[in-house]
DNA sequence: GTGAAAGCGCTAACAG
DNA sequence: CTGTTAGCGCTTTCAC
């Protein structure tokens, strides 16, 4: 590969000037810029990121910490992030948040300019990592609830509002008994959704004694099992699952046992996952803008890296009620 | 951050010796190793990857080029890759293959030690990229069919065999007319699956005139539309879709129009995507080991990077027929 | 506007 | 076994 020095030699200028053309073009005489650019073109010159990073401290890379790349939610997030990072020639290093020591290495070894962190529930040692990052004054953005004790900005989704809308939709039906299937016990999203759901139900005078909670874990398998335990007796006439995966498990049980949806039991989820519309019956759910979240997060770290002042401390992205056929039509 | 030099000073040895402890411990006297490690521990020393990369040429990073992180197939692949790369302290840089110039930058700017490339259909300029990579003698592994004109190793899935098994399963039913829904026209996987399917059908004496092909694009939406065009008239008694997404679209149309599956029409897919079992009815399909593919790919680049000789030129991972309820029971 | 020179933190011969 | 000495390719004062 052609090096900066080769370009300097070819163009007849010094390495410093070539470097300026790359980084601060305005400090160089236009004619010089032209000549140097010609040389770069001719030699097919590309700056060596490692050398640049070592010398300047800027890596043009950000780390993304995710619970699981495989989950739909996260892969869409990731696409949002990579789509914008590619536009600005940033590299995206993806790490599983469960291997937190590896993430710590990333900060120690100085591989990245910033972090985007999605922590869905409290993970051991994550606070140590965050404190460590913040000590280096590297920018961090949280997706989901801001981390307690940290004042780094966060991008969150209006879980409470979305679940509340669903509750209002449910309320029109005079359901007698409703089952709410949660996510993991301490999952922040799940808790917010439960909170919003209860709030919305209460606002319509629903007696919360008739809302039963079952602890799920966001998987279809667990929800399927829960459905088996609760829904066999036709006691419940509605189920709200904390995510679409869980709703999928419920639907599966109901179909299998020939319990009519929505005539006998209404089912709703949360996410608007790509399969939601194609479940049977098509799932009523709350859409959250996962891809957008990724984009916003990446744009904001970028602003922080470039020390632009106006990064909002918290941005809340709206959710939307998506009405399909798995619920009896409510009053909106 | 503590630097190597700080460790050297603290321990009373030279930088070279400290470096050896990091990279070639066996060349150093045990007692010295111990002392130096104590210093490293005490100072919280972590090697700076950038400096190491610049000096040694090793980046401890590989690039993964994927058509789309969002698709289930690819996100599982990615998890396989990141799971092993994390174990060996490698970084994974993910790029969309559609932005091929950015991938080219990765090789020019010397950010990575190797590439894992998944090209699902021929993409403009991809051959240029591959030639460029191979010119640097950086290791490349292909996932899916090897790239023509390249002799880098590849990991492929037995698409032909899987589809053939499905054909055999179909054949027991004496279906009169079968619809095959393809992927994108030039998609390699889709073509292999068609080939295997036809082969298997022919082996059982099925008249291939009664196999009709419709050009899909691997999406549920397109398959749904195709189902509308072909399956309204009850002419077909079976559908094989080139992937589970497409099968999902078909199922959706059938459910919506109250056409009984599998009594009136049998439906099968390919992938065994996570939702396949939870569709209604549960989808008969061919399972491919996506996660495994990722692991194998990563392990093999690693071997190549370390110049271990025995990297297989081609590894074919098996597929498995998964029988559920969306097909009339065939004879196996 | 441009150049000279000093590093960034580490590895890799080469000596000893 | 350990130390000395050059760099890796770039950025960044500080001069001119």
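Residue numbers (my numbering), protein chains in the order written: chain A, 715 to 1046; chain B, 715 to 1046.
Every residue gets a Cβ at the ideal spot worked out from N, C-alpha and C, and that includes glycine.
What you are looking at is a predicted structure, and each value in this text was computed from that prediction instead of being measured.
Contacts that residue i makes with chain A (C-beta to C-beta distance below 7 Å)
i              : result
residue 934(B) : 992
residue 853(B) : Within chain A, no residue comes near residue 853(B); the closest Cβ sits about 17 Å away, beyond 7 Å.
residue 768(B) : 764, 765 and 768
Neighbour flag for residue i against chain A, beta carbons, 8 Å
i              : result
residue 724(B) : no
residue 792(B) : yes
Bridge partner(s) assigned by DSSP for residue i
i              : result
residue 779(B) : 809(B) and 831(B)
residue 999(A) : 1036(A)
residue 856(B) : 831(B) and 868(B)
residue 894(A) : 927(A) and 954(A)
residue 980(B) : 952(B)
residue 985(A) : 1001(A)
Residue-chain proximity (residue i, chain B), Cβ-Cβ < 8 Å
i               : result
residue 981(A)  : no
residue 783(A)  : yes
residue 806(A)  : yes
residue 819(A)  : yes
residue 760(A)  : yes
residue 1085(A) : The question about residue 1085(A) has no answer, for chain A in this structure spans 715 to 1046.
residue 787(A)  : no
residue 715(A)  : yes
Where the alpha helix (DSSP H) containing residue i begins and where it ends
i               : result
residue 1029(B) : Looking at the DSSP string, residue 1029(B) is not in any alpha helix (DSSP H); the run it does join, the beta strand (DSSP E), is 1028 to 1031.
residue 788(B)  : 786 to 801
residue 975(B)  : Taken as a continuous stretch (DSSP letters only), residue 975(B) belongs to no alpha helix (DSSP H), as it is neither H nor E.
residue 760(B)  : Neither: residue 760(B) is in no alpha helix (DSSP H) and is coded neither H nor E.
residue 728(A)  : Element bounds for residue 728(A): n/a, residue is neither H nor E.
residue 884(B)  : 873 to 885
residue 909(B)  : 902 to 917
residue 1025(B) : Neither: residue 1025(B) is in no alpha helix (DSSP H) and is coded neither H nor E.
residue 942(B)  : 934 to 944
residue 842(B)  : 840 to 849
residue 818(A)  : 814 to 822
Between the CA atoms of residue j and residue i - distance to the nearest angstrom
i               : j               : result
residue 929(A)  : residue 961(B)  : 32 Å
residue 718(A)  : residue 767(A)  : 14 Å
residue 1051(B) : residue 1020(B) : Past the edges of chain B, shown from 715 to 1046, lies residue 1051(B), and the structure says nothing about it.
residue 963(B)  : residue 895(B)  : 11 Å
residue 880(A)  : residue 970(B)  : 25 Å
residue 786(A)  : residue 738(B)  : 42 Å
residue 993(A)  : residue 990(B)  : 11 Å
residue 901(B)  : residue 965(B)  : 23 Å
residue 781(B)  : residue 791(B)  : 12 Å
residue 777(B)  : residue 1018(B) : 14 Å
residue 841(B)  : residue 861(B)  : 8 Å
residue 938(A)  : residue 885(B)  : 33 Å
residue 959(B)  : residue 940(B)  : 13 Å
residue 752(A)  : residue 732(A)  : 11 Å
residue 795(A)  : residue 866(A)  : 18 Å
residue 910(B)  : residue 999(B)  : 14 Å
residue 826(B)  : residue 859(A)  : 34 Å
residue 773(B)  : residue 816(B)  : 18 Å
residue 812(A)  : residue 843(A)  : 12 Å
residue 968(A)  : residue 952(B)  : 26 Å
Per-residue contacts from residue i into chain B (C-beta, under 7 Å)
i              : result
residue 975(A) : Here the premise fails: no neighbours, minimum Cβ distance about 10 Å.
residue 796(A) : 783, 808 and 810
Contact set between residue i and chain A, taken where Cβ atoms lie within less than 8 Å
i              : result
residue 763(B) : 823, 824 and 825
residue 800(B) : 809, 810, 813 and 816
Contact set between residue i and chain A, taken where Cβ atoms lie within less than 9 Å
i              : result
residue 969(B) : 994 and 995
residue 966(B) : 991, 992, 993, 994 and 996
Residue i: CB within 7 Å of a non-hydrogen atom of the ligand GDP
i               : result
residue 1031(A) : For the structure depicted, the ligand GDP is absent and the ligand set is empty, with no information on it obtainable.
Contacts that residue i makes with chain B (C-beta to C-beta distance below 9 Å)
i              : result
residue 865(A) : Simply none; closest approach about 23 Å.
Contact set between residue i and chain B, taken where Cβ atoms lie within less than 8 Å
i              : result
residue 803(A) : 816 and 819
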